[in-house]
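Below is one structure, written out as structure tokens; comments come after it.
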Amino acid sequence: MTLSNRLKHISEYLYEKIGALKMKINSKVSNEILMEEYRKIENYVHTLPCGCGEQKT
Numbered sequence: 001m002t003l004s005n006r007l008k009h010i011s012e013y014l015y016e017k018i019g020a021l022k023m024k025i026n027s028k029v030s031n032e033i034l035m036e037e038y039r040k041i042e043n044y045v046h047t048l049p050c051g052c053g054e055q056k057t
């Protein structure tokens, strides 16, 4: 799979996950559940092989 295809799949996945997180925020679920979902997204970004999660200093 080319890098552009991988990035396309990544962006689609993140768009879906962020949309689901927004819905949970609007439905006023507990902060613990929101943080759990946020950490899943954050972990996904940090484990991407393209270096997308690297911290810039």
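For the sequence shown, my numbering assigns the number 1 to the initial residue and increments by one for each residue that follows. The beta-carbon is built from N, C-alpha and C at its ideal position, and this holds for glycine as well.
Distance, residue j Cα to residue i Cα
i   : j   : result
R6  : L14 : 12 Å
R39 : T2  : 27 Å
K24 : S4  : 30 Å
E32 : N26 : 15 Å
K28 : K8  : 31 Å
L21 : I41 : 9 Å
Y44 : L34 : 16 Å
8 Å contact criterion, which residue i and residue j should meet: CB distance rounded
i   : j   : result
I18 : L48 : Between L48 and I18 the Cβ distance is about 15 Å, and since that is not below 8 Å, they are no contact.
| field | Ranges of the alpha helix (DSSP H) found wholly within the region 11 to 54, counting only runs of at least 4 | value | 31 to 46
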